[in-house]
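These notes concern the structure reproduced below.
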Amino acid sequence: MKYYFISGETSGDNHASRVMVELKKLDKQALFRGMGGDMSRAAGQELVLHQKEMAVMGFAEVLGSIFKILKNLRRIKKDISTFNPDILILVDYPGFNFKIAKYASKRNIPVHYYISPKVWAWKEGRVKLIRKYVRELYCILPFETDYFAKKGIKATYVGNPSKETVDAFLTTNTLTNGTNKIALLPGSRKQEISTSLPIMLEAMKQFPKYEAIVAQAPGFDEAYYHAFDPTLKLIPNNMYVLLAQCDAAIVTSGTATLETALMNVPQVVCYKTTKVSYAIAKFVIKLNYISLVNLILEAPCVKELIQDDFEAEKLGYELNLLLKSKDKIAQMESYYEELHALIGESHPSVNVANQVWQSIS
43 MKYYFISGET SGDNHASRVM VELKKLDKQA LFRGMGGDMS RAAGQELVLH QKEMAVMGFA
103 EVLGSIFKIL KNLRRIKKDI STFNPDILIL VDYPGFNFKI AKYASKRNIP VHYYISPKVW
163 AWKEGRVKLI RKYVRELYCI LPFETDYFAK KGIKATYVGN PSKETVDAFL TTNTLTNGTN
223 KIALLPGSRK QEISTSLPIM LEAMKQFPKY EAIVAQAPGF DEAYYHAFDP TLKLIPNNMY
283 VLLAQCDAAI VTSGTATLET ALMNVPQVVC YKTTKVSYAI AKFVIKLNYI SLVNLILEAP
343 CVKELIQDDF EAEKLGYELN LLLKSKDKIA QMESYYEELH ALIGESHPSV NVANQVWQSI
403 S
C-alpha cells in the first residue's frame, strides 16, 4: 500500500515515524511518502518536503511567511496527485493539514487524522471541516472523545504518545533525586529560546547551590546557547536524560509540560511571545490553562507564568516552592498520580497503525 504522511513539526515527525515502523510490521510492501523530518526519513519515508522549511511560530510570524507556506502547499498537493496514495495520514499541524485534507477528500483519498486538532481550544469552526473531510480521527488526550461525541463526530482515543515514549525510557533508566540540578526547557524554536532562556537564567541566580542544565534543541548548536552564557551546560536532543537527573524543571509550555509530569519531575510552566501574537491569541483562545497537564486534570497542578508574569523574580519564587515546600511537592505528586490514571496505558503508535491497516486492507 502507498501511505502519504504529513507532519510539520519535530513532535509530529516523531509520532509519524513510530506509526510507520508499526505499519511496516503489518504491510511488508508499505511505501511512505510526504512531508516530515529526519525521524520519518529514517523510518523509510521519502521526503518531498522537509518540515524544517515550515518552521514558523505565532500568529504574526506565520503572516510573515505566508507566501512560502502557500508555495509548499501547492507543492504537496501536486505530489499527492502524482503519487496517488491509498491513504493520507495527517499528523497534528492543522493550519496546513486541513487544506490538504480538503484536497485529498475531493479526490476520494481516505483521510485519517492522528493527534486531533485542538478545536476545543480555538478555531472551533474547524469542527465542520473534520466532519466533512476526515474519515478517522485519532485523539491523544482522554477528554477529547467526549468533546467530539457532543459534536457528532466519532473519535478514537488511542493513548498518548508522550506516555508511550516516557514508559519506554523508564524501563531502562531510573530517576535520581537530590542532585541539586534544575532542568531548563526553553523550547525548540528560536523565538521561544531567545525569549525564555534569558529569564530562566536570571531566575537561576537566586539558586547558587543548584546547577542549571539546558535541553539543547535539534537544529541549534552549542554556540547559539553559549551566546547567552558561555558556561552553560547542555544536554543535546535528549530531554528525558536531562529530566531524569534533575530535582525540578522550568518548562516552556507545550508537549514538554506533559512529558515532564509523566517523568514525575516538579515543574513551573512558562510562556512568552511577541505582544502582537499574544494579543491575538488571548482574543481567540478561551481556556483556563495553557499547559497540557492542567488541561487534562482540569485543575491547577502546575504553576503557569504567562507573558508579563513570566519574569525572573516570580519564576524564582515558584521554583523555590517546588524545592522547599513539602506541601507543594506532595500536592503536585498527587496530581501527577491522577494524571497517570487518566491517560492510562498507552500504545498509540500500534493502535493507529492497526486502525489504518484495518481500514484499507
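Quick note on our numbering: the sequence shown kicks off at 43 and runs consecutively.
Backbone N, C-alpha and C fix where the C-beta goes; we use that ideal spot for every residue, glycine too.
The structure presented is a predicted model; accordingly, all values stated were derived computationally and were not measured.
Q) Thinking just about the alpha-carbon of each residue, which of Glu88, Ile241, Asn139 and Tyr189 is nearest to the one in Leu112? A) As a first step, residue 112 must be located in the sequence shown, where it is residue number 70. If we check each option's Cα against that of Leu112, Asn139 comes out closest.
Q. With 16 other CB atoms within 10 Å as the buried threshold, where does Gly137 fall?
A. Your numbering for residue 137 matches position 95 in the sequence shown. Gly137 is exposed by the Cβ-count criterion.
Q) Using a Cβ-Cβ cut-off of 7 Å (strictly less than) and excluding sequence neighbours within five positions of Trp399, which residues of its own chain qualify? A) On the sequence shown, residue 399 is found 357 positions in, with the first residue counted as 1. Closer than 7 Å at the Cβ level, and outside the excluded window around Trp399, lie Leu65, Leu68 and Asp69.
Q | Between the CA atoms of Asp134 and Gly54 - distance to the nearest angstrom | A | Taking the sequence shown and counting its residues from 1, the one referred to as residue 54 is at position 12. Taking the sequence shown and counting its residues from 1, the one referred to as residue 134 is at position 92. Rounded to the nearest angstrom, the two C-alpha atoms are 6 Å apart.
Q. The alpha helix (DSSP H) with Val61 in it runs from where to where?
A. Here residue 61 refers to the residue found at position 19 when the sequence shown is read from its first residue. Start and end: Thr52 to Leu68.
Q. What does DSSP give as the partner residues of Val200 in its beta bridges?
A. As a first step, residue 200 must be located in the sequence shown, where it is residue number 158. Per DSSP, Val200 has no beta bridge partner at all.
Q.
Just to confirm the assignment: which complete beta strand (DSSP E) runs, minimum length 3, are found wholly within the stretch 320-373?
A. 345-348
Q | Span of the alpha helix (DSSP H) around Leu285 | A | Position 243 of the sequence shown holds residue 285. Per DSSP, Leu285 belongs to the alpha helix (DSSP H) from Met281 to Ala286.
Q: Less than 8 Å between the CB atoms is what I'm expecting for Ile332 and Ile322, so what's the real figure, rounded?
A: Along the sequence shown, one-based indexing puts residue 332 at 290. Along the sequence shown, one-based indexing puts residue 322 at 280. At roughly 15 Å, the Cβ-Cβ gap does not stay under 8 Å, so Ile332 and Ile322 are not in contact.
Q. Around the Cβ of Leu217, are there at least 16 other Cβ atoms within 10 angstroms (buried) or fewer (exposed)?
A. Mapped onto the sequence shown, residue 217 falls at position 175. Exposed, by the Cβ-count rule.
Q) Using CA coordinates, which residue listed in Tyr175, Pro203 and Arg149 is at the minimum distance from Val61? A) By one-based count along the sequence shown, residue 61 stands at place 19. Relative to Val61, the option among Tyr175, Pro203 and Arg149 whose CA is nearest is Pro203.
Q. At what residue ranges does the stretch 146-224 contain a whole run of the alpha helix (DSSP H), taking only runs of 4 or more?
A. 169-175, 186-192 and 203-212
**Q.** Where Ile402 falls, given that 16 or more other Cβ within 10 Å makes a residue buried
**A.** Sequence index remark: in the sequence shown, residue 402 carries index 360 (1-based). Its Cβ having fewer than 16 others within 10 Å, Ile402 is exposed.
Q | DSSP-derived helix/strand/coil call for Ala291 | A | In the sequence shown, residue 291 corresponds to position 249, counting from 1. Strand at Ala291.
Q. Count the other CB atoms within 10 Å of the CB of Ala383; is the residue buried (16 or more) or exposed (fewer)?
A. Within the sequence shown, the letter at position 341 stands for residue 383. Looking at its Cβ environment, which holds fewer than 16 other Cβ atoms inside 10 Å, Ala383 is exposed.
Q: Over the uninterrupted alpha helix (DSSP H) stretch that includes Met246, give me the two end residues.
A: Within the sequence shown, the letter at position 204 stands for residue 246. Note, Met246: alpha helix (DSSP H), Lys232 to Met246.
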